[in-house]
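J.: Counting the sequence shown from 1 gives a position; the numbering used here is that position plus 27. Beta carbons are placed, not taken as given, at the ideal position from N, Cα and C, and that holds for glycine.
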Amino acid sequence: MNTQASLIDALEAGRNVAVSVDLSRCTAEAGTASSRSRGGVRIGAYRLTADGTLAFSDTQFIAASSDGRPFQQFQRYQVLADNSVRLTTYMYDLPSLQQRGALLAYQCTINQGIRFHAH
28 MNTQASLIDA LEAGRNVAVS VDLSRCTAEA GTASSRSRGG VRIGAYRLTA DGTLAFSDTQ
88 FIAASSDGRP FQQFQRYQVL ADNSVRLTTY MYDLPSLQQR GALLAYQCTI NQGIRFHAH
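If you want it as structure tokens, here you go:
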């Protein structure tokens, strides 16, 4: 899928949509370090807001980070009509749920750092 419109069409048709991300091809926002991380997720639920933004999120339990402590990671994706995608990541220590570090934010573009695949 090459556009936000085709992504919305696939979701509204009930198709399964997978997302693959390569942060090395995205732009880190101010205060966020660049990253070479890659990964993927399937869209389980989504929201289309009045301003035309398509939003969805994902959460992951990380069993042990570099400091050996587990944490919960939340990622939010906002896909705009111009095909730009803002990816934000929040991390929380467990079990306290205290925020762990600053918000991480990246700007990607469909087919440049982020791809959508309908099945």
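Below 8 Å CB to CB, which residues in the same chain sit around ALA37 once its five sequence neighbours on both sides are set aside?
T.: MET28, VAL44, PHE143 and ALA145
J.: Let me confirm a value: PHE83 is counted as buried when at least 16 other C-beta atoms fall within 10 Å, else exposed. Which label applies?
T.: buried
J.: Cutting at 6 Å between CB atoms, please list the residues of its own chain near ALA132, excluding the five before and the five after it.
T.: GLU56, THR59 and THR115
J.: Taking the alpha helix (DSSP H) that ALA37 falls in, what are its first and last residues?
T.: For ALA37, the enclosing alpha helix (DSSP H) covers residues 31-39.
J.: If you draw a straight line from the C-alpha of SER147 to the C-alpha of CYS135, how long is it?
T.: This structure cannot speak to residue 147, because the chain is shown only from 28 to 146.
J.: Alpha carbon to alpha carbon, how far is ALA91 from ASP120?
T.: 11 Å
J.: Along the chain, where does the beta strand (DSSP E) containing SER92 start, and where does it finish?
T.: That residue, SER92, is in no beta strand (DSSP E); it is neither H nor E in DSSP.
J.: Thinking just about the alpha-carbon of each residue, which of THR86, LEU124, ARG69 and ARG113 is nearest to the one in GLN139?
T.: Among THR86, LEU124, ARG69 and ARG113, the Cα nearest to that of GLN139 belongs to ARG113.
J.: DSSP three-state call for ARG42: helix, strand or coil?
T.: Coil, per DSSP.
J.: Please classify GLN31 as buried or exposed, where buried requires at least 16 other C-beta atoms within 10 Å of its C-beta.
T.: buried
J.: Taking SER61 as the reference, give the member of VAL68, LEU50, GLY67 and ARG69 with the closest Cα.
T.: Taking only the C-alpha atoms, the option nearest SER61 is LEU50.
J.: Tell me, to the nearest whole angstrom, how far the beta carbon of GLN87 is from that of GLN105; I am working on the premise that it is less than 8 Å.
T.: Actually they are not in contact, since the Cβ atoms of GLN87 and GLN105 sit about 18 Å apart, beyond 8 Å.
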